[in-house]
Amino acid sequence: MKEKLELILKNASDDIKNAKSVLELDEIRLKYLSRKGELNSIKKNLKDLTDEEKRTVGAFANNVSNQLELLLSEKSEELYKIELNKKLEEERIDITLPSDFRPQGKIHPLTQTVNEIVEIFQGMGFSVVKPENSPEVETEYYNFDMLNFPKEHPAKDMQDTFYTKTAPNVILRSHTSCSQIRQMLTQNPPVRVISPGRVYRCESVSARKNNLFHQIEGLLVDKDITFADLKGVLNEFIRIYFGSARPTRFRASYFPFTEPSAEVDVQCIICGGKGCRTCSGTGWLEILGSGMVHVNVLKNVGIDPEIYTGFAFGMGVERLTMLKYAINDIRLFFNNDIRFLRQF
Ligand code: DAH
């Protein structure tokens, strides 16, 4: 019996020594040390032995059992460490690796400016004209005639305006002022709207000019509207848009659809009025055209100029964005160079 036990000890020790995994060790434990294991089946036969033999063989069986338990726990610890290290190695994360680059979309700077300006005027009670009152493909009738342009006005020249082949007199609008007409034809006073959109001019492209650009038109028609209202609204706009009470200048000008007309200058953002290249040494930057809506325009849309008066203004979105961020080339807005766009 003792030989059997020695054999078990030897086999089990070998098995333990050669075990490759903790799982395998569990199986070895089952095979030799469990209730139905080999060691126990020997212990069961002890009853057939003499008392003396029972004692020595029994003690030896316990000894074998203890030795195997010890070997198992040592091996188990060893294998556990190996398995853990292997797992750690496999699941290792290199925190010094650069992370995935996920480019984030941005709103185009021109759209940002439009949104900002629209919000400022909404704050003063203006609403945005309906898209159907602001088409980009227009007729000469709305773009010029209804706005009191004389028949032979130079702006109507093919040199300045894009004509289409669709139909005679169908053009790409050269300004957003046509939406004034469309709005007044569909809405009775009081009218208080702004109209952002694209406009087109047949011009050679340069750092200052593109043949597609954006304007925001404003129109307010009501009883008792005066030039003081125009100044008040535009000064408030400039204060909010440029962020501080910047000196402004209303300079007499001419537009066919306003009388009197004024161009509005702000003190140069770049040099603070001393005179620099951006302001051509004048210390002032022209930012918009404006004026009191011409009596003929009101008549054209069937509004009685004896009862109602109004003012209108139009500004260039590219120009306002360029001034705010000191951008020196209008073409940057249209090239879609990500290095430029990312900065806004
Ligand atoms: N339409 C003019 C332009 O494109 C800008 C303008 C001037 C609009 C005076 C107006 C205005 O509404 O009253 O240059």
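Numbering (my numbering), first residue to last: 1 to 344. We treat Cβ as the ideally placed atom computed from N, Cα and C, and that holds for glycine.
Taking the beta strand (DSSP E) that residue i falls in, what are its first and last residues?
i    : result
M315 : T309 to G316
G58  : That residue, G58, is in no beta strand (DSSP E); its alpha helix (DSSP H) goes D51 to E90.
G289 : W284 to V293
S253 : T248 to F255
Enumerate in chain order the residues of its own chain whose CB-to-CB distance from residue i is below 8 Å, with the five nearest sequence positions on each side excluded.
i    : result
H153 : F144 and P256
S76  : V22 and L25
T176 : S134, S195, P196, G197, V199, Q215, I216, E217 and G314
K4   : I42
L341 : K106, H108 and P109
D229 : L220 and F311
Using the Cα positions of residue i and residue j, report the straight-line distance between them to the nearest angstrom.
i    : j    : result
L234 : D265 : 11 Å
T139 : F101 : 48 Å
G281 : G272 : 11 Å
N66  : T50  : 23 Å
K43  : I93  : 52 Å
C202 : E217 : 20 Å
R29  : K17  : 13 Å
R192 : I240 : 19 Å
G58  : S41  : 12 Å
V221 : N296 : 14 Å
T96  : A312 : 60 Å
V128 : G283 : 33 Å
D319 : C268 : At residue 319 the sequence reads Arg, which differs from the Asp that was named. Going from the Cα of R319 to the Cα of C268 covers about 13 Å.
K231 : E119 : 19 Å
L323 : E91  : 54 Å
L84  : K10  : 29 Å
T248 : I117 : 18 Å
N211 : N328 : 17 Å
K20  : E27  : 12 Å
E136 : P98  : 47 Å
E236 : L288 : 14 Å
D337 : K81  : 55 Å
T321 : T113 : 6 Å
S73  : D48  : 32 Å
K151 : R331 : 33 Å
F126 : Q187 : 14 Å
By the DSSP assignment, the alpha helix (DSSP H) with residue i in it spans what residues?
i    : result
L7   : K2 to N18
E116 : P109 to G123
I171 : I171 -> not in any alpha helix (DSSP H); beta strand (DSSP E) instead, spanning V170 to L172.
Y241 : F227 to F242
T186 : C178 to T186
E138 : Careful: E138 lies outside any alpha helix (DSSP H), inside the beta strand (DSSP E) at V137 to T139.
N328 : Per DSSP, N328 belongs to no alpha helix (DSSP H) and is neither H nor E.
K106 : Where K106 is concerned, there is no enclosing alpha helix (DSSP H), given that its DSSP letter is neither H nor E.
K209 : Premise fails: K209 is in no alpha helix (DSSP H) and is neither H nor E.
Which class does residue i belong to by DSSP, given the choice of helix, strand or coil?
i    : result
Q267 : strand
V193 : strand
L147 : helix
V221 : strand
P131 : helix
L25  : helix
V297 : helix
L323 : helix
S204 : coil
I338 : helix
A245 : coil
S261 : strand
I42  : helix
Is there a Cβ of chain B sitting closer than 8 Å to that of residue i, yes or no?
i    : result
L219 : This model lacks chain B altogether, as it is built from one protein chain only.
Quick one: residues in its chain with C-beta nearer than 7 Å to the C-beta of residue i, no 5 flanking neighbours on either side, listed in chain order?
i    : result
L185 : V301
Y32  : I8, A12, E38, L39 and L68
F162 : I171, L172, Y200 and C202
E132 : none
F250 : K231, A262 and V264
L46  : K54, V57 and G58
G275 : G281, T282 and G283
Kindly list the residues whose CB is nearer than 6 Å to the CB of residue i, restricted to its own chain and excluding five residues on each side of it in sequence; keep chain order.
i    : result
E286 : E263 and D265
N169 : T139 and E140
S261 : S253, Y254, F255 and G291
H294 : N148, F257, T258 and E259
S351 : With the chain running from 1 to 344 in the structure shown, residue 351 is simply not present.
K209 : E203
F121 : I194
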